[in-house]
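Worksheet: the structure to be examined is printed underneath.
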Amino acid sequence: MRSHQHLYKWTFFADPEQHRLQRRHAAERFAAHTRHDLSRYVAGRLPRLPFPDNDFDLVLSSHLLFSYARDFDYDFHRRALIELMRVTHGELRVFPLVPIGAVSRYPRLDALLADLRTHAIDGRIIDVDYEFQVGGNEMLVCRSITDRSAP
Ligand SMILES: C[S@@+](CC[C@H](N)C(=O)[O-])C[C@H]1O[C@@H](n2cnc3c(N)ncnc32)[C@H](O)[C@@H]1O
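Under the numbering used here, think of the first position of the sequence shown as -11, with each following residue one higher.
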């Protein structure tokens, strides 16, 4: 990150050192909480999740899909998104849409959204206030097309 500072907006985090400290603090809080109450955590690995259908109101996935576009191929992304949608009866939100090292959206996002529609999943891209990666101020919001409460 220090050697690629131009790929990041230094507004939420002042500089790489403050970013490092805040991430370390978050990691320590996470580790402390797992020691306090491990029952709140369930280990799983996409593209399969150990949850029944429609189990969650809201599913969040951050800095995995799209971020590691070089490590996970298109089919992994498609299968992972379908699986994440399987476990919610509400909404899936995925952030960010910019792969690590890039400054624009995952290149096959349009094809992926068209693919998801054939699985009755409507994916919309919305702007968000937070932007750390340059160009990374968009979020994917998915809902089931059969969900008539969707706007
Ligand atoms: C960069 S971290 C992001 C962590 C957190 N979501 C965040 O935004 O700060 C990527 C996370 O994805 C997890 N991960 C890697 N492969 C995965 C997979 N196949 N299924 C689910 N999680 C995976 C890693 O263990 C790691 O915790």
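In this text, a Cβ means the ideal position worked out from N, Cα and C, and glycines have one as well.
Three-state secondary structure (DSSP) of residue 127: Stepping through the sequence shown from its first residue, residue 127 is reached at position 139. Residue state, collapsed to three classes: strand.
Whole-angstrom distance between residue 111 and residue 30, CA atom to CA atom: The residue given as residue 30 occupies position 42 in the sequence shown. The residue given as residue 111 occupies position 123 in the sequence shown. So the alpha carbons of these two residues sit roughly 26 Å apart.
Enclosing alpha helix (DSSP H) for residue 70 [first to last residue]: As a position in the sequence shown, residue 70 is number 82, starting the count at 1. Segment 62 to 74, the alpha helix (DSSP H) holding residue 70.
Close-in-space but distant-in-sequence residues of the same chain around residue 1 (CB under 8 Å, 5 per side omitted): The residue you call residue 1 lines up with position 13 of the sequence shown. Contacts found: 7, 10, 120.
Per DSSP, cross-strand counterpart(s) of residue 88: Along the sequence shown, one-based indexing puts residue 88 at 100. DSSP lists no partner for residue 88.
Endpoints, the alpha helix (DSSP H) within which residue 44 is located: Within the sequence shown, the letter at position 56 stands for residue 44. No alpha helix (DSSP H) contains residue 44, which is instead part of the beta strand (DSSP E) from 44 to 50.
Heavy atom of ligand 1 within 7 Å of residue 51 beta-carbon: Position 63 of the sequence shown, counting from 1, holds the residue named residue 51. For residue 51, the shortest C-beta to heavy atom distance toward ligand 1 is below 7 Å.
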